[in-house]
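Chemist:
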Amino acid sequence: MYIFYIIINSLKTIAIIIIDYTEKAFYNIFYEKLYLYLTKIIKIAVYIYIYIYIYTYIYIHL
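Take 1 as the starting number for the sequence shown in full-length UniProt numbering and just add one per residue.
1) Assuming residue 11 and residue 41 make a contact with CB atoms under 8 Å, what is their CB distance in whole Å?
2) How many Å lie between residue 2 and residue 9 at the Cα?
3) Taking just the CA atoms, how far does residue 35 sit from residue 16?
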């Protein structure tokens, strides 16, 4: 379960670094779109993680 947490944090840091080190307008627009895409992936991963956690919790305790 901690693998998801590590992946999410690494994706966030990569996206932040990419946005911080771009100066040109074209690249800023491109990486803003990339950042939005990454945040969508992160949200989906979080939802999957929560779903698996709740499902396993219910399955174990019933």
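Beta carbons: idealized from backbone N, C-alpha and C, even for Gly. If you're wondering where the values come from, they're calculated on a predicted model, not measured in any experiment.
Modeler: Answer, in terms of the structure:
1) Confirmed, about 7 Å.
2) Cα-Cα distance, rounded: 11 Å.
3) Computed Cα separation, rounded: 8 Å.
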